[in-house]
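Sequential numbering of the sequence shown, starting at 24, is according to this note's numbering. Each residue gets a CB set at the ideal place from its N, CA and C atoms; glycine is no exception. Heads up: the structure comes next, in structure tokens.
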Amino acid sequence: MSNAREDALSRTSSRDVADWWSTAVSDIEPGVIRLRGYPVEQLIDGVGFVEMIWLMVRGDLPTRAQASLLEKALVSAVDHGPQAPSIAAARMAATCGVGLHGAISTGVGLLGDDHGGAGQQCVEVLDGIRRAALAGDDLTRVVRHTLDEFARDRRYVPGFGHRFHPRDPRRDPLLAAVRSHVDLGTVSGEHLVIAEEIERQLAEGHTRPVPMNIDAATAVIYAELGFAPELARGLFILSRSVGILAHSWEEREGGHRIKGPMPPPLLAAYVGPGERAVPRGENVEHTAG
């Protein structure tokens, strides 16, 4: 063993090893499981799954009103059918022999910035506008400036409009729930006001409105409840995993093998060169077509 290794061992204690993965989340000993300080046997009898999610992520138990609002957001985003890339990929994976865990991880792995990230991005937009408004800027002007920046950069405003639904059917019940909880004092409603002002300004001068979609509606809830933007994506992934699980299992139960993106005999359109012969001769230069 080298001197460097011996020196490192001599300077490292058992306490250093135990502290390396120190955590405030779980306290595990033989015969003991405490999560955020609460004995698991009490949690089993005393809280629901949504409350458990809040506890693990936020560090303490939510009020019933907070848990109720969070549950609505989680329920709303569970599934959006096999046309969603994450669901489609999971279903294809389920026919390829990778097992249920492989199918689910395939679907979850597709939830990136463009497919799955709009909720996080919308919370960031809402938070940024709120900070500017709290600093004294006029809300209407801040929203206009924000939308002008998106237009100048030719970027979509995350959480608004939908490629499939003229009006997302999940929007109205979610926003109604937020308004109810504003009346109850559960949340402030500041992010809701900002989202509705964005929606109003996006509709100005257009014959067709650009209403909030599921990403904005849930972003309002997550932001109102005080979740960090990245947690909005994490909670969406947690929610959508239920749909991915259901679709993966349905495909597994169907017994199909190696299903591709299109049913046979359909083939993907080919747009490359027509058939051609490979040049012959030692000195022929090969070029890409």
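Terminal residues of the continuous alpha helix (DSSP H) containing residue i?
i: Val165; result: 162 to 175
i: His103; result: No alpha helix (DSSP H) holds His103; DSSP gives it neither H nor E.
i: Gly249; result: Element bounds for Gly249: n/a, residue is neither H nor E.
i: Val73; result: 72 to 81
i: Ala292; result: Where Ala292 is concerned, there is no enclosing alpha helix (DSSP H), given that its DSSP letter is neither H nor E.
i: Glu227; result: It is not in any alpha helix (DSSP H) - Glu227 carries neither H nor E in the DSSP assignment.
i: Trp43; result: 37 to 43
i: His204; result: 194 to 207
Name the one or two DSSP bridge partners that residue i has.
i: Val55; result: Glu52
i: Tyr61; result: Leu58
i: Met115; result: Answer is none; Met115 lacks a bridge partner.
i: Met16; result: The question about residue 16 has no answer here: the residues shown for the chain are numbered 24 through 312.
i: Gly140; result: Paired residues: none, contrary to the question.
i: Gly135; result: Gly139
Do residue j and residue i have their beta-carbon atoms positioned less than 8 Å apart in this structure?
i: Arg114; j: Pro108; result: no
i: Ile237; j: Val131; result: no
i: Leu197; j: Ala96; result: yes
i: Ser99; j: Arg193; result: yes
i: Ile110; j: Ile267; result: yes
i: Val243; j: His214; result: yes
Out of the options, state which residue places its alpha-carbon closest to the alpha-carbon of residue i.
i: Gln83; options: Arg57, Ala100, Lys95; result: The displayed chain sequence assigns Asp, not Gln, to residue 83. If we check each option's Cα against that of Asp83, Arg57 comes out closest.
i: Met235; options: Glu247, His185, Ala126; result: His185
i: Met285; options: Ala199, Arg194, Ala226, Ala112; result: Ala112
i: Glu274; options: Cys119, Gly139, Val40; result: Cys119
i: Ser262; options: Ala158, Arg178, Asp102, Val165; result: Asp102
Exercise. Within the chosen definition, does the region 120 to 136 reach the region 170 to 189 through at least 3 CB pairs nearer than 8 Å?
Worked result: no
For this session: Evaluate the contact criterion for the region 225 to 235 versus the region 47 to 54: three or more CB pairs, one atom per stretch, below 8 Å.
Result: no
Exercise. Does the count of Cβ pairs from the region 140 to 151 and the region 245 to 259 closer than 8 Å reach three?
Worked result: yes
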